[in-house]
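Enquirer: Chains A and B, in that order, are what the protein sequence lines are.
At position 52 of the first sequence the residue is numbered 109 (this note's numbering), and the sequence of numbers has no breaks.
At position 147 of the second sequence the residue is numbered 858 (this note's numbering), and the sequence of numbers has no breaks.
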Amino acid sequence: MPVNGNLPPQTIKYKGLFDFTQFIKTIRGWYGAGNFHLVEKKYKWKPGELEVEMEGDTKYNEYFKYKIKVWIRSWDIKDVDVVKGGEKIKMQEGRLAIEVNGSYDLDYQNRFEGSKFLQGLRDFYHKYIIKQVIDDWYEDVALGKIFDLTGLIKEKLQFEENMVK
Amino acid sequence: MAERDQVIDGERITYEGFFSFAELIKILKEWGGAKGYFFLEKSATENVKPDGKYVEYKFAGSKKVSDYAKCVLPLRIIGSGIKEKELEKDGRKQLLSEGKVQIVLDAFLETDYEGQWESKPLYYMIRTLWDKHIYKPFLSGFREDLKQDAVQLKQELKAFLNLYKY
Numbered sequence: 058m059p060v061n062g063n064l065p066p067q068t069i070k071y072k073g074l075f076d077f078t079q080f081i082k083t084i085r086g087w088y089g090a091g092n093f094h095l096v097e098k099k100y101k102w103k104p105g106e107l108e109v110e111m112e113g114d115t116k117y118n119e120y121f122k123y124k125i126k127v128w129i130r131s132w133d134i135k136d137v138d139v140v141k142g143g144e145k146i147k148m149q150e151g152r153l154a155i156e157v158n159g160s161y162d163l164d165y166q167n168r169f170e171g172s173k174f175l176q177g178l179r180d181f182y183h184k185y186i187i188k189q190v191i192d193d194w195y196e197d198v199a200l201g202k203i204f205d206l207t208g209l210i211k212e213k214l215q216f217e218e219n220m221v222k
Numbered sequence: 712m713a714e715r716d717q718v719i720d721g722e723r724i725t726y727e728g729f730f731s732f733a734e735l736i737k738i739l740k741e742w743g744g745a746k747g748y749f750f751l752e753k754s755a756t757e758n759v760k761p762d763g764k765y766v767e768y769k770f771a772g773s774k775k776v777s778d779y780a781k782c783v784l785p786l787r788i789i790g791s792g793i794k795e796k797e798l799e800k801d802g803r804k805q806l807l808s809e810g811k812v813q814i815v816l817d818a819f820l821e822t823d824y825e826g827q828w829e830s831k832p833l834y835y836m837i838r839t840l841w842d843k844h845i846y847k848p849f850l851s852g853f854r855e856d857l858k859q860d861a862v863q864l865k866q867e868l869k870a871f872l873n874l875y876k877y
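Okay, structure coming up:
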């Protein structure tokens, strides 16, 4: 089994106007542009509420792989007509809670799974030989992607509030 | 779990007037970069209300001072009644936020943050004795440095906000 670690989650809460369809499209586009293998684990809808869970993973090299997960929950959604650039468009108004987190796998190809000796060797390798690489490089690569996605989400949300109803 | 020693608890900066959120966060991250702190944005909340936005950002700045001790600066920036306004200054138009902002700053020293000395009761006891009798001068030094950093950060943020008064 690969050795894994978790990355700190980033939470965004928002109440106001947003275009949910465009918002989800933007997130899917981000995963696609980053060569992630995207899986939509959940898309739950009921009147006034929506819950979406997406997970994308990508291989950084033959030893390190990371996953970025997005969980989006919205409440009290209602459709509103908004004027944008003189045009009337349909948007949604409600509350959003978004969590972006990630995890990484080391030795995802299970090369060091053969025996207890190999597993011990792998633990030694992680603790004493590549510890700096894991802490300062691998984790930062995955964290950078999380920040990137979080920044994109916030940019998308801030844009919407300047609309006139 | 790592041991936490609270150095500063609930230091506040309150300001009302014009300011820029983006610049405030930029100052925070620049200060952190210069001092060796990594500020992680843990959560961002925005609530658009008729009388202005309510915004809350939670940051946690951390700096490893050794493989055993880490300085942590949790910070909350709370804005209420925030409205975006366009101001003209020196012939240039700027988009600024107007409202109340409160910054709450804490600081604590975290020891054994990797959890290497808590897997067994004997290790835990050795860690306690180590902290109390052997590593004490070093921990006091780290605490003092952390306190100075927190005070300096508070001054830096206050000075930045006061710039917008004029």
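For every residue, glycine included, the Cβ atom is placed at its ideal position computed from N, Cα and C.
Express the C-alpha separation of B/Lys764 and B/Leu874 in angstroms, rounding to a whole number.
Expert: Cα-Cα distance, rounded: 22 Å.
Enquirer: Mapping the DSSP letters down to three states, classify A/Pro65 as helix, strand or coil.
Expert: strand
Enquirer: Could you tell me which of A/Leu107, A/Tyr120, A/Thr115 and A/Glu156 sits nearest to A/Trp132, measuring between CA atoms?
Expert: If we check each option's Cα against that of A/Trp132, A/Leu107 comes out closest.
Enquirer: DSSP three-state label for B/Phe871, please.
Expert: helix
Enquirer: Taking only beta carbons into account, state which residues of the stretch 61–74 of chain A come closer than 7 Å to chain B, listed in chain order.
Expert: Pro65, Gln67, Thr68, Ile69, Lys70, Tyr71, Lys72 and Gly73
Enquirer: For the beta strand (DSSP E) holding B/Gly721, just list the boundary residues, first then last.
Expert: Glu714 to Phe730
Enquirer: Any residues in the stretch 735–766 of chain B with a beta carbon nearer than 9 Å to a beta carbon of chain A? Which ones, in chain order?
Expert: Leu751, Glu752, Lys753, Ser754, Ala755, Thr756, Glu757, Asn758, Val759, Lys760, Lys764 and Tyr765
Enquirer: Assuming A/Asp205 and A/Gln149 make a contact with CB atoms under 8 Å, what is their CB distance in whole Å?
Expert: With a contact defined as Cβ atoms closer than 8 Å, A/Asp205 and A/Gln149 miss out at about 25 Å.
Enquirer: Decide if B/Gly802 is buried, meaning its Cβ has at least 16 other Cβ atoms within 10 Å, or exposed.
Expert: B/Gly802 should be labelled exposed.
Enquirer: Go through its chain and collect everything with a Cβ distance to B/Gln717's Cβ below 7 Å, but skip five positions before and after it.
Expert: Listed in chain order, the non-local C-beta contacts of B/Gln717 below 7 Å within the same chain comprise Phe819, local neighbours out to five positions each way being set aside.
Enquirer: Measuring CA to CA, which of A/Pro104, A/Tyr161 and A/Ile186 is closest to A/Lys126?
Expert: A/Tyr161
Enquirer: Does A/Glu212 come within less than 8 Å of chain B when only Cβ atoms are used?
Expert: Not a single C-beta of chain B is nearer than 8 Å to the C-beta of A/Glu212.
Enquirer: Tell me whether B/Gln866 is buried or exposed, calling it buried when 16 or more other Cβ atoms sit within 10 Å of its Cβ.
Expert: exposed
Enquirer: Figure out for me which residue from A/Lys147, A/Pro65, A/Phe80 and A/Lys184 has the closest Cα to the Cα of A/Lys124.
Expert: A/Pro65
Enquirer: Apply the 10 Å Cβ neighbour rule to B/Glu752 and answer buried if 16 or more other Cβ atoms are within range, or exposed otherwise.
Expert: buried
Enquirer: Are there 16 or more other CB atoms within 10 angstroms of the CB of B/Lys737, so buried, or fewer, so exposed?
Expert: exposed
Enquirer: Which of helix, strand or coil does DSSP assign to A/Leu206?
Expert: helix
Enquirer: Flag this pair as yes or no: are the beta carbons of B/Ser808 and B/Ser731 separated by less than 8 Å?
Expert: yes
Enquirer: State the DSSP-derived secondary structure class of A/Phe174, mapped to helix, strand or coil.
Expert: helix
Enquirer: Go through its chain and collect everything with a Cβ distance to B/Phe729's Cβ below 6 Å, but skip five positions before and after it.
Expert: Leu807, Glu809 and Tyr875
Enquirer: Hey, could you find the ends of the alpha helix (DSSP H) A/Gly89 is sitting in?
Expert: Counted as a single uninterrupted DSSP element, the alpha helix (DSSP H) harbouring A/Gly89 occupies residues Phe77 to Ala90.
Enquirer: I believe B/Ile719 touches B/Lys858 by the beta-carbon criterion, under 8 Å. Please report the beta-carbon distance rounded to the nearest angstrom.
Expert: 6 Å
Enquirer: Could you give the distance in angstroms between the alpha-carbon of B/Leu872 and the alpha-carbon of A/Val139?
Expert: 35 Å
Enquirer: By DSSP's criteria, A/Asn167 is part of a beta bridge. Which residues make up the other side?
Expert: Its beta-bridge partners do not exist; DSSP assigns none.
Enquirer: Mark A/Thr207 as exposed unless 16 or more other C-beta atoms lie within 10 angstroms of its C-beta, in which case mark it buried.
Expert: buried
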